[in-house]
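Chemist: Protein sequences appear in the order of chains A and B. Under the working numbering, the first residue of the first sequence is numbered 52, with each subsequent residue one higher. Under the working numbering, the first residue of the second sequence is numbered 52, with each subsequent residue one higher. From the three backbone atoms N, C-alpha and C, an ideal C-beta is built for every residue, glycine too. None of these values were measured; they are calculated from a predicted model.
2 protein chains.
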Amino acid sequence: MSAERKTKKTDLPERIDAANAYALEMLFSVEPVLEGVQKALDVVPGMTPSTVLHAGPPISWRRMCDPMKRAVRGALIFEGLAKDSSEAEKMILEDRIILSPNHHYDCVGPMTGIISASMPVVVTKDLTTGKKAYSTFNEGGGQALWFGSFGEETLRRLRWIRDKFAPVMKKVFASAEPISVWNILSQGIQMGDECHNRHGACTNIFLKNIVEPLFSLKISRANAMDVYRFMSANSHFFLNFTMTGCKLATDAAHDIVDSTLVTAMSRNGTVFGIRVSGLGNRWFVAKSPYLEDALYNLGYGPKDAAPDIGDSSIIETMGLGGFAIAAAPSMASFAGGGFSDAVGITNSMNLITAAKNPKFAIPSLDFQGTPTGIDIRKVVDTAILPSINSAIVHKSSGAGQIGAGIAKAPYECFEKALLAFGKRHDLAA
Amino acid sequence: MSAERKTKKTDLPERIDAANAYALEMLFSVEPVLEGVQKALDVVPGMTPSTVLHAGPPISWRRMCDPMKRAVRGALIFEGLAKDSSEAEKMILEDRIILSPNHHYDCVGPMTGIISASMPVVVTKDLTTGKKAYSTFNEGGGQALWFGSFGEETLRRLRWIRDKFAPVMKKVFASAEPISVWNILSQGIQMGDECHNRHGACTNIFLKNIVEPLFSLKISRANAMDVYRFMSANSHFFLNFTMTGCKLATDAAHDIVDSTLVTAMSRNGTVFGIRVSGLGNRWFVAKSPYLEDALYNLGYGPKDAAPDIGDSSIIETMGLGGFAIAAAPSMASFAGGGFSDAVGITNSMNLITAAKNPKFAIPSLDFQGTPTGIDIRKVVDTAILPSINSAIVHKSSGAGQIGAGIAKAPYECFEKALLAFGKRHDLAA
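(1) For a test of the three-state rule: what should DSSP assign to B/E145, helix, strand or coil?
(2) In three-state DSSP terms, what is B/S169?
(3) Anyone know if the C-beta pair for A/S339 and A/R318 falls short of 8 Å?
(4) Would B/W211 be called buried (16 or more neighbouring beta carbons within 10 Å of its own) or exposed?
(5) Report yes if the C-beta distance between B/M220 and B/V174 is below 8 Å; otherwise report no.
(6) Does the pairing of the segment 93-107 of chain A with the segment 141-156 of chain A give three or more beta-carbon distances under 8 Å?
(7) Given a cut-off of 8 Å on the beta-carbon distance, is the pair B/V444 and B/P118 in contact?
(8) Leaving out five residues on either side along the sequence, give the residues of the same chain with a beta carbon under 7 Å from the beta carbon of B/M282.
(9) Taking only beta-carbon positions, decide if A/Y73 is within less than 8 Å of chain B.
(10) Name the residues in the segment 396-419 of chain B whose C-beta lies less than 8 Å from a C-beta of chain A; which are they?
(11) Of the residues that make up the segment 263-284 of chain B, which ones have a beta carbon closer than 8 Å to any beta carbon in chain A?
(12) Would you kindly check if the distance between the Cβ of B/A442 and the Cβ of B/A460 is under 8 Å?
(13) Should A/S447 go down as buried or exposed, given a rule of 16 or more other Cβ atoms within 10 Å for buried?
(14) Apart from the five residues on each side of it in sequence, which residues of its chain come closer than 6 Å, Cβ to Cβ, to A/A70?
(15) Does DSSP put B/D362 in a helix, in a strand, or in coil?
(16) Quick one: measure Cβ to Cβ for B/L342 and B/D359, integer angstroms, because I've assumed they're closer than 8 Å.
(17) Can we say the segment 111-129 of chain B touches the segment 177-185 of chain B, given the rule of at least three CB pairs closer than 8 Å?
(18) Measure how close the beta-carbons of A/S415 and B/S415 come, nearest whole angstrom, since I'm counting them as under 8 Å.
(19) Touch check for the segment 363-379 of chain B and the segment 283-303 of chain B: three-plus C-beta pairs under 8 Å?
(20) Give me the DSSP bridge partner(s) of A/I443.
(21) Run through DSSP, which three-state label would B/L312 get?
(22) Can you check whether the C-beta of B/K259 is within less than 8 Å of a C-beta belonging to chain A?
(23) Any beta-carbon of chain A closer than 8 Å to the one on B/L470?
(24) Which ranges would you report for the beta strand (DSSP E) in the segment 87-142 of chain B if only whole runs of at least 3 residues count?
(25) Could you give the C-beta distance for B/V232 and B/G296, rounded to a whole number, given that I count them as a contact under 8 Å?
(26) Going residue by residue through the segment 174-236 of chain A, where are the continuous beta strand (DSSP E) segments of at least 3 residues, counting only ones entirely within it?
(27) Which chain A residues sit within Cβ distance under 7 Å of B/P380?
(28) Which residues does DSSP pair with B/Q419 in a beta bridge?
(29) Just mark B/G350 as buried or exposed, buried being the case when its beta carbon has 16 or more other beta carbons within 10 Å.
(30) According to the Cβ coordinates, are B/M294 and B/D244 closer than 8 Å?
(31) What did DSSP end up calling A/T58 once you bin it into helix, strand or coil?
(32) Identify, in the order they occur along the chain, each residue of the same chain with its Cβ nearer than 7 Å to the Cβ of A/R249, setting aside the five sequence neighbours on each side.
(33) Have a look at A/E463 and A/I427 and give me their C-alpha separation to the nearest angstrom.
(34) Based on DSSP bridge pairs, tell me the residues matched to A/K407.
(35) According to a CB-to-CB cut-off of less than 7 Å, which residues of the segment 243-256 of chain A neighbour chain B?
(36) Look up B/D302 in the DSSP assignment and say whether it is helix, strand or coil.
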């Protein structure tokens, strides 16, 4: 081994620290604002009429979980590409449909996360770099595509969102002051939202921001009221915007050579995958976990649950949600714990992260920032797993959401990533 | 001393406990809802065209603090009873004006708390007993009567509230579902409001409740928008409704023979007074304190401050505000403390109260209820003083609000009340 190589090895920890610091600087520099509403086909780079985007790492049709399959078939019917479920299935099996992860298309979606060509998407723009990310509007509860449920009611709602709701919201965004995602999240954290499973305060603040532009539009009041009602009835309405903001931030920290920070965590209901800043676009995957602590709707239990699913863990990648649970102890009580358990989770997330985000101050921790920048080295060293506040969908019946709780990211993803990182740097495992 | 008298004395602690338990039962049974909007003269029992109601215990004009005097003169000009400040003063000195505490007229008002005959008041009704309480709409910041400030802008705003805002809100309340005060407060407590100095979450929830009825009214959109803007610009808009709800509840606990619970705490900027359930309508007063821990606006300091003022301490009498500060640690940090100080205050309030209110669950204390039912015996025994989250007005310049912080109720009030209680029961001091 040459002297040069030795020096290089000795310097690596410092180089990693510098790279991680730089990655965090990039992440913290992002200023996402909600810019407008467009048809996915018109703005999502690479989108085609026969593309269906989904949550999580890449996955073949064969290996997709049942809820995601239902949502994909539903999207094809919604798009008018298939007249029914069996025709949809046939098209997929004949490879006439492009199935691809949202993350590969600058998109994110909660749960099944389906985005198809004619769906309206909200464009979130990073004021610092000008980069954009896209998400659908949150559909709300019940028979909804994001919960892997599809029927007449789902279709009716998706059409209403596309044909009635989105055109109005497009005008709202055009006339409103730019809505800062961080501004709303930083207030939400002061108001009991951890900004993943609790979004009620954020949604209220968002509503407060748009009531004036919405009711000032030259449209009928009944029309404006329908739009308002749809949003105000869904305390998770802001969820998708939180996700695009977090994606823009974590993407800004991506592709920093030597950085060991996680820039995406995502699940498709079959596998859980992570991406690491210094390791390119490769996903390090493991079987998607079942939720460990969860509360089920009446009549449902662990045997009914699909494994963890959705791009929404981009929120934890950004240090919110499960990482900020001390700001929303109701989420811990939900999973059978109390306030000290919530604080315990946030504190343990501090042990696997590189920084605290001063924008998001947790009141009950003396306004300590949220733990941000998951370091694969720390996860592997401590075996403390990222804690994700998540929802649960039925594994096979199409019943949609059946519960909610806490999932733990699989150790294997971080171990694989660290091995790849070591290999790249010629280190022994 | 007769045997009978002896038995009576021995039983007193049990009788007090039973009376206090009953008083709390009455307090917890109250279900306040916002019922409607009326002119004060039409609904406030005993109101006359020349009555001006004010915060705190009774006080003569001569002893009133400067901010309250300004607000009283302002109200007389607003009513058209006086053309200017000196004419107003003259009328008062000639005893042509009835000055009386809000509390004696089923009313409450924050800070100076002025209510005059033509002012619109919100009627809050207890669904359990049918009893009603009244408050004005919160005026918002700046040159406002409640802050002891009066000028052209104050007058303009009061007229707009009376002539434009209130008629619309009257229609809103007439068409809206009844708005439950507790429902909003119980959500607010989960969202970082202690429901006195932090009312942002409660106000957002209130707004969410009334957007639909407001924008469905057959009035011009510009009109509806002006009304909406006025409310949404003031994070304290819900404060006055919290106060009427608390007054209905504490009044329900009043006049229970043998009860040692405090049923009102109020200040007029000169004296601080309390009422005790078993001691009738007498106020036990002491000099109104200056705020101990406070944050002043730029350019102002303790030497500029008027003593503590307002009926808003009815909120602490009900176990919210300072008593619930652990739910809003930002209020403690505001006064130079941190989360543990906030928890410390709430815990110490548990030492002087008789119960925990299950309706208002503090998330960071594992959803423990707010400390409710101040017992004068416990205050005197422990010398722990009720902690009140308060605002500060200028003592003499009419500048209005100059800061906010924490005030402590004077020990003397509780000592005097306990002596009176002892005297009534023939006990030695």
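Modeler: On the basis of the supplied data:
(1) Within the second sequence, the letter at position 94 stands for residue 145 of chain B. Residue state, collapsed to three classes: coil.
(2) Position 118 of the second sequence holds residue 169 of chain B. Reduced to three states, the DSSP call for B/S169 is coil.
(3) Translated into positions along the first sequence, residue 339 of chain A becomes position 288. Translated into positions along the first sequence, residue 318 of chain A becomes position 267. Pairing A/S339 with A/R318 gives a Cβ-Cβ distance under 8 Å.
(4) Here the question's residue 211 of chain B lines up with position 160 in the second sequence. B/W211 sits exposed, since fewer than 16 C-beta atoms from the chains shown fall within 10 Å of its C-beta.
(5) Mapped onto the second sequence, residue 220 of chain B falls at position 169. Mapped onto the second sequence, residue 174 of chain B falls at position 123. Between B/M220 and B/V174, the C-beta spacing is not below 8 Å.
(6) Three or more beta-carbon pairs separated by less than 8 Å link the segment 93-107 of chain A to the segment 141-156 of chain A, which places the two stretches in contact.
(7) Translated into positions along the second sequence, residue 444 of chain B becomes position 393. Translated into positions along the second sequence, residue 118 of chain B becomes position 67. Yes, the Cβ-Cβ distance between B/V444 and B/P118 is below 8 Å.
(8) For the purposes of this step, residue 282 of chain B is identified with residue 231 of the second sequence, where counting begins at 1. These residues qualify, in order along the chain: L258, F288.
(9) Position 22 of the first sequence, counted from the first residue, corresponds to residue 73 of chain A. Output row for A/Y73: interface = no.
(10) With the criterion set as a beta carbon lying under 8 Å from some beta carbon of chain A, the members of the segment 396-419 of chain B are P414, S415, L416, D417, F418, in sequence order.
(11) Correct list: E263, F266, S267, R272, A275, M276, Y279, R280, S283.
(12) Walking along the second sequence from the start, residue 460 of chain B turns up at place 409. Walking along the second sequence from the start, residue 442 of chain B turns up at place 391. No, these two residues do not count as a Cβ contact at 8 Å.
(13) Translated into the one-based positions of the first sequence, residue 447 of chain A becomes position 396. Classification of A/S447: exposed, given that the 10 Å Cβ count is below 16.
(14) Here residue 70 of chain A corresponds to residue number 19 of the first sequence, with the count starting at 1. If we look at A/A70 and ignore the five residues flanking it on each side, its Cβ neighbours are I307, D309, S310.
(15) Within the second sequence, the letter at position 311 stands for residue 362 of chain B. It is coil, neither helix nor strand.
(16) Locating residue 342 of chain B in the second sequence gives position 291, where the first residue counts as 1. Locating residue 359 of chain B in the second sequence gives position 308, where the first residue counts as 1. Sure, about 6 Å apart at Cβ, within 8 Å.
(17) As far as the Cβ criterion goes, the segment 111-129 of chain B does not touch the segment 177-185 of chain B, which means the pair count is below three.
(18) Counting from 1 along the first sequence, the entry for residue 415 of chain A is found at position 364. Counting from 1 along the second sequence, the entry for residue 415 of chain B is found at position 364. The pair is a contact, with the Cβ atoms about 4 Å apart (cut-off 8 Å).
(19) Touching, per the Cβ criterion.
(20) Sequence index remark: in the first sequence, residue 443 of chain A carries index 392 (1-based). Beta-bridge partners assigned by DSSP to A/I443: A/G454.
(21) Within the second sequence, residue 312 of chain B is the residue found at index 261, counting from 1. Reduced to three states, the DSSP call for B/L312 is strand.
(22) Counted from its first residue, the second sequence places residue 259 of chain B at position 208. Contact of B/K259 with chain A is assigned, a C-beta pair being separated by under 8 Å.
(23) Here residue 470 of chain B refers to the residue found at position 419 when the second sequence is read from its first residue. No Cβ of chain A is located within less than 8 Å of the beta carbon of B/L470.
(24) List check, beta strand (DSSP E) in window: 102-105.
(25) Here residue 232 of chain B is taken as the residue at index 181 of the second sequence, counted from 1. Here residue 296 of chain B is taken as the residue at index 245 of the second sequence, counted from 1. Contact holds; Cβ gap of about 3 Å.
(26) The segment 174-236 of chain A contains, as complete beta strand (DSSP E) runs of 3+ residues, the segments 183-187 (chain order).
(27) As a working note, residue 380 of chain B is residue 329 in the second sequence. Within chain A, the residues near B/P380 are P414, S415.
(28) Taking the first residue of the second sequence as position 1, residue 419 of chain B is located at position 368. As computed with DSSP, B/Q419 is found in a beta bridge with B/I413.
(29) Within the second sequence, the letter at position 299 stands for residue 350 of chain B. So B/G350 ends up on the exposed side.
(30) In the second sequence, counting from the first residue as 1, residue 294 of chain B sits at position 243. In the second sequence, counting from the first residue as 1, residue 244 of chain B sits at position 193. Their beta carbons are not under 8 Å apart, which means B/M294 does not touch B/D244 by this criterion.
(31) Taking the first sequence and counting its residues from 1, one reaches residue 58 of chain A at position 7. Any reading at A/T58 must be qualified, since the residue scores a pLDDT of 49, below 50, and its modelled position is unreliable; the value itself is stated next. Annotated three-state conformation of A/T58 is helix, per DSSP.
(32) Along the first sequence, one-based indexing puts residue 249 of chain A at 198. If we look at A/R249 and ignore the five residues flanking it on each side, its Cβ neighbours are G243, A379, S381, M382.
(33) As a working note, residue 463 of chain A is residue 412 in the first sequence. As a working note, residue 427 of chain A is residue 376 in the first sequence. Note on geometry: alpha-carbon atoms of A/E463 and A/I427 lie some 11 Å from one another.
(34) Residue 407 of chain A sits at position 356 when you count from the first residue of the first sequence. Answer is A/P422.
(35) Taken in chain order, the members of the segment 243-256 of chain A whose beta-carbon sits within less than 7 Å of a beta-carbon on chain B are G243, A252, N255, I256.
(36) As a position in the second sequence, residue 302 of chain B is number 251, starting the count at 1. Here B/D302 sits in helix by DSSP.
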